[in-house]
Amino acid sequence: MNAKIPLESQEHKTKPELALEMLDSFISEGIPFGYVQADGLYGNDSKFISGLYERNVSFICDILSDTLVYITLPEPVLPKRQGKRGRFPTKLIILNTSPVSVKWLTEIQKT
1 MNAKIPLESQ EHKTKPELAL EMLDSFISEG IPFGYVQADG LYGNDSKFIS
51 GLYERNVSFI CDILSDTLVY ITLPEPVLPK RQGKRGRFPT KLIILNTSPV
101 SVKWLTEIQK T
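So for the sequence shown, full-length UniProt numbering puts the first residue at 1; every next one is plus one.
Next up, the structure:
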């Protein structure tokens, strides 16, 4: 069966994108809520998490155990140009610390 929706009207959105739209609707309609709770599909979506921060919404989200986190605040820097030829670096790098997995962090906290 074909729904016969014109191609120009079709739009794909991810579940996290749809969730942020629903959240915007709740906020604009004044529907009260305390926080957002979500599973790992949403917790591992950086755009979704950024969207919650942008909306100043409290949240609790699952994440995968292999998610990398920083124990200390990373300081991104622009690396120095190597030599006199070639392009100038444009990508920030982290020099002062390395990320660790959430699984490793929870294991170390058990001891």
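Where is the CB? At the ideal position from N, CA and C, for every residue including glycine.
- Just measuring C-alpha positions, the residue of VAL36, PHE48, GLY86 and LEU73 sitting nearest LYS13 is PHE48.
- Counting along the chain, the unbroken alpha helix (DSSP H) around ILE49 starts and ends at 46 to 54.
- If you draw a straight line from the Cα of GLY40 to the Cα of LEU78, it is about 32 Å long.
- For LEU18, the three-state secondary structure derived from DSSP is helix.
- About 20 Å separates the Cβ atoms of VAL36 and VAL69, ruling out a contact at the 8 Å cut-off.
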